[in-house]
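Heads up: the sequence lines are chains W and A, in that order. Just so we're aligned, residue 167 is where the first sequence starts under our numbering, counting upward by one. Just so we're aligned, residue 43 is where the second sequence starts under our numbering, counting upward by one. Worksheet: the structure to be examined is printed underneath.
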Amino acid sequence: MKKEIRFGDFVREVVVHQQQISYNDLAPAVEINEHGEETIEATRRYKMRSVDLYRILKPYVNIRLMEQVKAVVPLALYLVLFQVLILRQGITDSWLISGGMISVIIGLMFFMEGLKVGLMPFGESIGTTLPAKSKLPVVMIIAFILGIGVTFAEPAIGALKAAGSIVDVNQAPYLYAMLNIYANTMVLMVGIGVGLAAVLGTLRFLYGWSLKPLVYLTLVPTIALTIYFQSIPELSTILGLAWDCGAVTTGPVTVPLVLSLGIGIAAAAGKGNSSLSGFGIVMLASLFPIIAVMLLALYVSSVISPAEIITIANNTVNDNAILPWYERTPGLEVVLGIRAIVPLVLFLIFVMVVVLREKINKKLDIAFGITLCVLGMIIFNVGLSYGLAKLGGQSGGLVPSAFTHIDVVLSSPLYTFATGFFVALLFAWFLGFGATLAEPALNALGMTVQNLTNGAFRKSMLMYAVSLGVGTGISLGVVKIVFNIPIAYLLVPGYLIAAILTYFSTEEFVNIAWDSAGVTTGPVTVPLVLAMGLGFGKAVGAVEGFGILSMASIGPIIFVLLTGLYIQWRIKRRHEIEDKEPEIEHEEGLPI
Amino acid sequence: MSKKEITILTDVSLVTCVVQRGKADDVVKAAQEVGAQGATVYYARGSGIRESLGILGLAIDVEKEAINILVANDQIDRIFEKMYLAGQLDTPGMGIMYVTPLEKAATYIPHEIVERLAKPVVGPAS
C-alpha cells in the first residue's frame with residue numbers, strides 16, 4: 167500500500183514543537199499606586215515540579231560528592247584490599263565501616279560546601295575591611311582569637327580526642343591525662359599556638375621578614391623542649407602527641423581563613439604584592455602548637471602526679487555505666503559539632519557587626535551555609551568514629567601480623583620477620599605516598615609553586631617530592647613504633663637536617679618547603695593515619711602509637727628542600743655552561 | 043577609487059545563550075554539530091531567577107558564560123533548538139537564549155567562495 171506524507175507534516179513531526187507566549191503577558195506589570203509612585207507587582211514564587219528540583223540539584227550535588235568520594239574511596243579501598251589480599255583477614259564490622267565511610271563522605275561534602283557558602287564570605291570581607299578600619303593591635307587580637315576559633319572548627323581535631331580512649335593509663339599516665347582529663351584544654355592550647363602563628367605570620371607579611379630566622383627561632387625552643395622531655399621518662403610519652411598536634415591543625419578551615427585575613431592585612435598595608443606573601447603561616451601554625459602542648463604537659467606534670475591520674479582514670483571507668491544523652495553516640499556528635507562551629511561563627515559575626523559596623527549581606531545564604539557546616543561536622547564526626555578510626559585501627563592492628571605473632575590472627579606471623587616487616591613498611595610507604603599524591607590541596611600548591619618559580623620547580627616535581635617525603639616519613643614512623651625508638655631520636659636529627667638545608671636554600675624554596683608539610687594532612691588522612699598508628703602500636707605492645715603524623719610532616723620538608731637545592735644547583739650549572747659556551751665557539755673559530 | 047574590497051555577509055542572525063559557568067562547551071558543541079561555524083564565549087555575572095528560587099538558588103552559579111554564535115538565517119531554528127536542548131534550558135536557573143536579526147556581518151571569506159557567490163552591491167559605494 168502506498169502512503170503519502172506531506173513534507174510539511176514530516177518536518178513538523180521531526181522538529182521540536184514550539185509554542186508562543188508574549189513576554190508582555192509574562193513580565194510583571196507596572197502599576198501606579200495612590201501616591202503616584204510606580205510599583206512592580208511582587209515576583210511570584212515558581213511552583214517547581216520534582217523533575218525540576220532533580221535537574222537543578224543533580225549536577226550541584228554530583229560535583230561536590232565526587233570530590234569527597236575521590237578523597238575517601240581509594241584510600242579505604244587500599245586498606246581493605248591490603249588486609250584481604252596480603253594479610254588474608256576479613257574486615258570485621260564491614261557494614262558499620264561502610265556506613266561510617268559514607269557518612270564521612272556526606273559529612274565532608276556538607277561541611278566543605280557550608281564552609282564555602284557560610285564562613286568564607288566572612289573571612290574574605292573581614293580580611294579586606296578590618297585592616298583598613300582598625301588599628302594594628304585590634305587586628306592582631308582578632309587574628310589571635312580567630313586562630314583559636316578555627317582550631318576548634320577543624321574536623322580532624324576530633325580524631326585526637328577519639329584517640330584518647332585507647333591509651334593505657336598505667337603505661338603512659340600523662341598522655342592519658344592530656345587526652346582525657348585535659349582534652350579541651352589541650353585543644354585550647356593548640357588553638358593558642360595557631361592564634362600566635364596567625365599574629366606572627368601577619369606581622370611577617372607586614373614587615374616583609376625573611377622566613378629563615380623565624381624557622382631557626384621557633385625550632386630552637388621546640389627542639390630544646392623536646393630534648394628536655396626526652397630526658398624525663400614520664401614526659402617522653404607526650405612527645406609523639408605534641409608533635410602530631412602540629413600536623414592536625416593545618417586543615418581545610420584554618421588554612422584558608424587565616425590566610426585570607428593575613429593576605430587582606432598585607433594588601434591593605436600596600437605590601438601584598440610579594441608573590442610569597444601567602445606562605446609561612448602554615449609552617450608557624452604547625453610548629454607553635456607543638457610548643458603549646460609541651461608547655462601544657464609541663465603544667466600538668468607540676469599539678470598532678472601519675473598516681474593521681476591513675477586513680478581518676480579508674481574512677482571514671484566505673485562511672486561509665488550510664489552516660490547522659492549528651493555523651494552517648496548521636497548526642498555526643500551533635501554537641502561536638504555545634505561546639506566546634508558555633509563559637510567561631512558568633513565571633514565572626516561579632517567582628518563584622520560590632521568592630522567593623524558592616525551589614526551582613528545575604529543573611530539567608532550565610533545561615534544556610536552555617537547550618538550545612540554544623541550538619542556536616544556532626545555527620546563527619548559520626549563517620550570519624552565508626553568509619554575512619556575503626557578501619558584505620560583495624561588495619562593498623564592487623565598489619566603487624568605479617569611479621570610478628572598477634573593473638574587475633576591465628577596463623578601469624580604470616581611471613582618471616584624480614585619479609586613481613588618489609589611488607590608492613592611497603593604498606594605504610596604506599597599509603598603515605600598515594601594519599602598525598604591524591605590530595606587536591608597539594609595539586610593547588612603545585613600550581614602556585616610552578617608559577618612562583620617561573621617553571622623552575624615543576625608541579626609534578628613538587629608533588630612527587632612531597633609524596634615521597636610523606637611516604638618515607640610514615641614508614642619511619644612505623645619503624646619507630648615497632649622498635650619502640652623514642653620519637654625524639656628521629657625528630658631532633660630530622661629538624662636539624664632541615665635547619666641546615668634551610669641555611670643553604672634560597673628564600674623561595676624555604677617558604678615552599680616548610681609550608682608543603684601542612685598541605686598534606688587533610689581531614690581524611692589525619693584520622694586514618696592516627697588510628698592506624700594507634701592500632702599498630704597496640705598490636706606490637708608499644709606504649710603509644712603517636713608520632714607517625716609528625717614524621718609525615720618532617721619528611722616532605724627535607725625532601726622539598728633537597729629538591730630545591732638540586733634545582734638551584736642545576737640552574738647554577740646551566741649558567742656556568744652558558745658562560746663557557748662563547749669561549750668554545752671562539753676556539754672553534756680560531757683555526758679558520 | 044580604492045581597489046580594496048569588502049565582502050559583506052547578509053542573512054545572518056546572532057544567537058546569544060547565557061548559561062552557568064562551565065556549561066558553555068556542551069552548548070557550543072551541540073550548535074557546531076548542526077552547522078554553526080564558530081562561537082565566542084565570554085564570562086559574565088547574572089541575576090534574576092537565582093533570587094526568586096530562594097534557598098535553592100544556591101545551587102545555581104552566579105557566574106555565567108555567554109555564548110555568541112552567528113548563524114545563517116536558514117539554520118536558525120535547527121541550531122536554536124539544539125542549543126536549547128543541550129543546555130537544558132527548560133530547567134529553572136539554567137539560562138536563557140535569544141536570536142537577534144543582524145543587518146550585516148563581515149569576516150574573512152575564502153577567495154573562491156567570494157568569486158563564486160559574491161554579487162556586487164548596488165549602492166552609493168560603486
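Glycine included, every Cβ here is placed at the ideal spot set by N, Cα and C.
Item: Burial state of A487/W (16 or more Cβ within 10 Å); Value: Low local confidence applies: a pLDDT of 49 at A487/W is under 50, so the model's placement there is unreliable, with the coordinate-based value given in what follows. Per the 10 Å Cβ criterion, exposed.
Item: Contacts of R221/W in chain A (Cβ-Cβ under 7 Å); Value: Q130, T133
Item: Close beta carbons around T388/W, own chain, < 7 Å, minus the five adjacent residues each side; Value: L453, I456, I457
Item: DSSP state of Y465/W mapped onto helix, strand, coil; Value: helix
Item: Backbone CA spacing between I272/W and R736/W [nearest angstrom]; Value: 46 Å
Item: D745/W classed as buried or exposed, judged by whether at least 16 other C-beta atoms fall within 10 angstroms; Value: exposed
Item: Selected residue, minimal CA-CA separation from P106/A, among Y84/A, L95/A, G99/A; Value: One point to set straight first is that residue 106/A is Lys, not Pro, in the sequence displayed. The shortest C-alpha separation from K106/A is found at Y84/A.
Item: Proximity below 7 Å, CB of A309/W to CB of A364/W; Value: yes
Item: Reference P422/W; option with closest CA among L628/W, H183/W, V501/W, F445/W; Value: F445/W
Item: Rounded straight-line distance, which links the Cα of K704/W to that of V565/W; Value: 11 Å
Item: Start and end residues, alpha helix (DSSP H) containing N346/W; Value: Note, N346/W: premise wrong, no alpha helix (DSSP H); not H, not E.
Item: Any C-beta of chain A under 7 Å from that of Y189/W; Value: no
Item: 6 Å CB neighbourhood of A631/W in its chain, flanking five on each side removed; Value: F725, V726, T729
Item: P297/W versus G367/W - alpha carbon distance; Value: 15 Å
Item: Runs of alpha helix (DSSP H) wholly within the region 306-340 of chain W (minimum 4 residues, chain order); Value: 323-329
Item: CB contact flag (A329/W, L628/W, <7 Å); Value: no
Item: Start-to-end residues for the beta strand (DSSP E) that takes in G137/A; Value: 137-143
Item: Which listed residue (M449/W, S641/W, A590/W) has its alpha carbon closest to that of K378/W; Value: M449/W
Item: Which listed residue (G721/W, F649/W, K646/W) has its alpha carbon closest to that of S682/W; Value: G721/W
Item: Neighbour-count burial assignment, E710/W, 16 or more Cβ in a 10 Å radius; Value: buried
Item: Assigned exposure category for I263/W - 16 Cβ within 10 Å defines buried; Value: buried
Item: Within the region 55-129 of chain A, ranges of the beta strand (DSSP E) (whole runs, at least 3 residues); Value: 82-87, 105-114
Item: Minimum Cβ-Cβ distance from F534/W to chain A less than 7 Å; Value: yes
Item: Contact residues within the region 529-561 of chain W, judged by C-beta distance below 7 Å to chain A; Value: L530, D531, F534
Item: Short CB-CB distance (under 7 Å) between A101/A and chain W; Value: yes
Item: Interface flag, I121/A vs chain W, CB-CB below 7 Å; Value: no
Item: Interface flag, I97/A vs chain W, CB-CB below 7 Å; Value: yes
Item: Inter-residue spacing [alpha-carbon to alpha-carbon] between A463/W and L401/W; Value: 8 Å
Item: Contact with chain A by D218/W, beta-carbon distance below 7 Å; Value: yes
Item: C-beta atoms of I111/A and V57/A nearer than 7 Å; Value: yes
Item: N- and C-terminal bounds of the alpha helix (DSSP H) containing I653/W; Value: 653-670
Item: Run of the alpha helix (DSSP H) containing T537/W, from where it starts to where it stops; Value: 529-549
Item: Spatially closest choice to Y655/W from E673/W, S716/W, Y669/W, S633/W, by CA coordinates; Value: S716/W
Item: Beta-carbon neighbours of M214/W, restricted to chain A and to distances below 7 Å; Value: P134
Item: Cβ-based neighbour list, L131/A, same chain, cut-off 6 Å, excluding 5 preceding and 5 following; Value: G137
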